[in-house]
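Some notes on the structure that comes next.
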Amino acid sequence: MLLPYVTGGYPVDEWPRLIEGFAAAGADAIEIGIPFSDPVMDGPTIQEASSIALAHGSNPTMVLDRVAEADVHIPLIAMTYYNIAYRMGHNRFADRLVQAGIGGAILPDLPLEEVDDWAAEADRAGVATVMLAAPTADDDRLVRVATRARGFVYGVGLVGITGERAELAASATEIAGRLKAITDKPVVVGLGISNPEQAAEVSQIADGVVVASAIIRRMLEGGSVDDAIGFVARLRAALDEV
Amino acid sequence: MTVTPTDTTSFMPDPDERGRFGEFGGRFVPETLVPACAELEAAFVEAWADAAFTQEFHELLRTYAGRPCPVTVCSRLSSQLGFRVLLKREDLNHTGSHKINNVLGQALLAKRMGKKRLVAETGAGQHGVASATAAALMGMDCVVYMGEVDIKRQALNVFRMRLLGAEVRSAMSGSRTLKDAVNEAMRDWVATVATTHYCLGSVMGPHPYPWMVREFHRVIGDEARAQCAELLDGEVPDYVVACVGGGSNAAGIFSGFADTRARLVGVEPAGGAAIGRAVPGVVHGSKSYLMQDEFGQVQEAHSVSAGLDYPGVGPEHAHLAQIGRARYESVTDAEVLDAFELLSHTEGIIPALEPAHGLAWMVKAKDELAGSTVLLNMSGRGDKDVAQVQAILDGDPEALSTMRP
Chain A
1 MLLPYVTGGY PVDEWPRLIE GFAAAGADAI EIGIPFSDPV MDGPTIQEAS SIALAHGSNP
61 TMVLDRVAEA DVHIPLIAMT YYNIAYRMGH NRFADRLVQA GIGGAILPDL PLEEVDDWAA
121 EADRAGVATV MLAAPTADDD RLVRVATRAR GFVYGVGLVG ITGERAELAA SATEIAGRLK
181 AITDKPVVVG LGISNPEQAA EVSQIADGVV VASAIIRRML EGGSVDDAIG FVARLRAALD
241 EV
Chain B
1 MTVTPTDTTS FMPDPDERGR FGEFGGRFVP ETLVPACAEL EAAFVEAWAD AAFTQEFHEL
61 LRTYAGRPCP VTVCSRLSSQ LGFRVLLKRE DLNHTGSHKI NNVLGQALLA KRMGKKRLVA
121 ETGAGQHGVA SATAAALMGM DCVVYMGEVD IKRQALNVFR MRLLGAEVRS AMSGSRTLKD
181 AVNEAMRDWV ATVATTHYCL GSVMGPHPYP WMVREFHRVI GDEARAQCAE LLDGEVPDYV
241 VACVGGGSNA AGIFSGFADT RARLVGVEPA GGAAIGRAVP GVVHGSKSYL MQDEFGQVQE
301 AHSVSAGLDY PGVGPEHAHL AQIGRARYES VTDAEVLDAF ELLSHTEGII PALEPAHGLA
361 WMVKAKDELA GSTVLLNMSG RGDKDVAQVQ AILDGDPEAL STMRP
């Protein structure tokens, strides 16, 4: 499975076109980032896209309204930080996701011990709470994380923040293998997956990959929306050969 | 609801097993960091119950930091204001502020955990200098993240940190102040968690930090309680006042008086009054009051004092405000500068801009305080701020731009 990432609000006016473009290029699902002022899990690339989006007035309501208009028939998953959901209210946030046609949520600063209140509302509304599983967790913890996960388990590919890496971290295939051994839910790996070769390598073990910074960086460096869509098509082709 | 403390029940107990002070606190961190937070909690609990550890800690506080620091009775200021002013002199500690208490505790703990590297965030630079000092003392590597704006405001402290062997990295994102330095330090820690201890500088962040940092600063309140008892015939002051950014010096001194009749007052900068606005939120690992917009985006705080330029506040302060055990007031930058000059003129003590907030409130509230005894935590000395204040008083436009009404 291929899960490319879109920052809600970057590039400023054109970003909604990425959603339909990525779907047409063969994405199996799309992660929609709702920008937050203090994204502690994100490296410089996603930070910059978020800052630009926020500086141009991006906000959760606007992002969700635009996503609702997108004509796509693949799963959409929101990725944001917990304060966005907390401020809006768990039930309202979950309902707004459903109204926007978003079926899942990733909240990277809401770990297992803190997730219950949100997850109860998400379950009620029919929003899958995707849990992150990190290489630093022991197997017992991975089991508990996978048990709470809905939709799929998000394997954190490296000990660090989002961003491209020249070499695929050994931890990416390692976490995929550890998760596959303990859960029947789909295992998707993200963080540090930067090119088609790395995506293909991880996909030999994992059920899917998230690619984010490598897509956004192309546009920050002047590439067009179509360049980003073309890159997603290349990722698709590489995965199809696995 | 206002609680009138009349018995000895502590209003500042340990947090619950989920790191909550009432409804505030917790551990809102990326999954990658959860095992490290749990490991730190276990190590702290074990060390804090180990007499050998606490003995080593207190020995360092005595022979290295220069504790106990005195309580000074301010006679001239007292007659001018119409109430008795006592200062707990944290400004006399090695490195010039209360911050040294916490970093010595955390560096000792990091060493005990086998960590070889410290990362820290800093606003005014006091916590950065203290962290760099502790790292030099214990032979550890140290990286300090500091907002680009603060690096300009606090050039002297940047040089101090480098002189002490630390690497100072500029936080270029967001408002380029303390909150962004915290983000960068957390990102560093997420990537280096196996070898690195995050030496957090205030009573904020994920559990166990708010509790652990308070415990390392408890010495402020414990000393002050005994010193006040001696000065006041066994009595406690009527008011205990401290400035609040994240709130570590306030937590330290409040913890010595929470079970007494003393009224506890935290003073926030008007441009960074998280408790004053009382909107709950989650950032940097805990649930507390947080300055934010209608969508939950964290707002930038504005204060003449880099050390208080923070949009959040430690979760225990949010709790103390909610249950009414402490009250929180705010003062403007102009009131703070007046207090800065006042203490310098009348007592020969140049305060840091941070504790000058406490004094500024006392001046403002002098009718309420008339005839009482007020203990102010003089949490740091003003050397670091002299150049900035001089520039403001000289009317330098760039310096004036750091002021908010």
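Same order as they appear, the protein sequences are chains A and B. Going by our numbering, the first sequence runs without a break in its numbering and finishes at 242. Going by our numbering, the second sequence runs without a break in its numbering and finishes at 405. Glycine included, each C-beta is placed from N, C-alpha and C at the ideal position. Everything numeric in this text was worked out from a predicted model, so none of it was measured.
For B:Asn377, same chain residues with a beta-carbon under 6 Å away, outside a window of 5 residues either side, are Lys88, Ala242, Asn249, Ile253 in chain order. The region 396 to 404 of chain B and the region 301 to 310 of chain B touch, with no fewer than 3 CB-CB distances between them shorter than 8 Å. Distance from the CA atom of B:Ala321 to the CA atom of A:Leu107, rounded to whole angstroms, is 29 Å. Close CB contacts of B:Ala360 within its chain, under the 6 Å cut and outside five residues either way in sequence, are with Val331, Glu335, Val336, Ala339 (chain order). Assignment of A:Pro4 by DSSP, reduced to helix, strand and coil, places it in the strand class. Between B:His98 and B:Ser379, the C-beta gap is smaller than 7 Å, which places the two residues in contact. At least one beta carbon of chain A lies nearer than 7 Å to the beta carbon of B:Pro35. DSSP, reduced to helix, strand and coil, places B:Ser288 within a strand of the structure shown. Taking CB atoms only, B:Ser173 has a neighbour in chain A less than 7 Å away. When the alpha-carbon of B:Gly382 is set against those of B:Thr373, B:Met186, B:Leu343, B:Lys364, the nearest one is in B:Leu343.
Remark: C-beta atoms of A:Arg165 and A:Ser194 approach each other more closely than 7 Å. With fewer than 16 other CB atoms across the displayed protein chains lying within 10 angstroms of its CB, A:Val242 is exposed. For A:Gly33, the enclosing beta strand (DSSP E) covers residues 30 to 33.
Counting only residues of its own chain and dropping the five nearest sequence neighbours on each side, A:Val98 has a CB closer than 7 Å to the CB of Ala125, Gly126, Val127.
Inter-residue distance for A:Phe22 and B:Thr195 is about 39 Å (C-alpha atoms, whole angstroms). Apart from sequence neighbours up to five positions away, the residues of its chain that approach A:Arg144 with a beta-carbon distance below 8 Å are Leu112, ordered along the chain.
Under the DSSP definition of a beta bridge, B:Arg381 partners with B:Pro351.
Of B:Val168, B:Ala130, B:Glu215, B:Arg160, the smallest CA-CA separation from B:Glu148 is found for B:Val168. Within the same chain, Cβ atoms closer than 6 Å to the Cβ of B:Met138 are found at Ala107, Lys111, the five residues on either side in sequence being excluded. Assigned with DSSP and collapsed to three states, B:Ile151 falls in helix. Identification of residues in the region 180 to 199 of chain B having a C-beta nearer than 7 Å to some C-beta of chain A yields Asn183, Met186, Arg187, Val190, Ala191, Val193, given in sequence order.
Bounds of the alpha helix (DSSP H) holding B:Pro315 are 315 to 323. Non-local C-beta neighbours of B:Phe21 in its own chain, meaning closer than 6 Å and more than five positions away in sequence, comprise Pro15, Pro315, Glu316, His319, ordered along the chain. Here B:Val158 is not near B:Leu375, since their CB atoms are 7 Å or more apart.
Around the CB of B:Met12, 16 or more other CB atoms lie within 10 Å, so the residue is classed as buried.
The C-beta of A:Ile161 comes closer than 7 Å to at least one C-beta of chain B.
In this chain, the beta strand (DSSP E) harbouring A:Ala78 covers 76 to 79. With respect to B:Leu178, B:Tyr328 sits apart: the two C-beta atoms are not nearer than 7 Å.
By alpha-carbon distance to B:Ser255, the top candidate from B:Gln227, B:Val244, B:His217 is B:His217. Taken in chain order, the complete alpha helix (DSSP H) segments of 4 residues or longer contained in the region 100 to 155 of chain A are 116 to 125, 139 to 148.
When C-beta distances to chain A are compared with 7 Å, the residues of the region 281 to 305 of chain B below that value are Gly281, Val282, Val283, Gln292, Phe295, Gly296, Gln297, Val298, in chain order. Rounded to whole angstroms, the gap between the alpha carbons of B:Glu341 and B:Val85 is 16 Å. A:Ala85 is classed as buried because its beta carbon has at least 16 other beta carbons within 10 Å across all chains shown. Going by C-alpha positions, B:Asn102 is about 15 Å away from B:Glu41. Contact between the region 356 to 372 of chain B and the region 47 to 64 of chain B is absent, with fewer than three C-beta pairs closer than 8 Å.
Looking at the DSSP output, B:Cys199 shares a beta bridge with no other residue.
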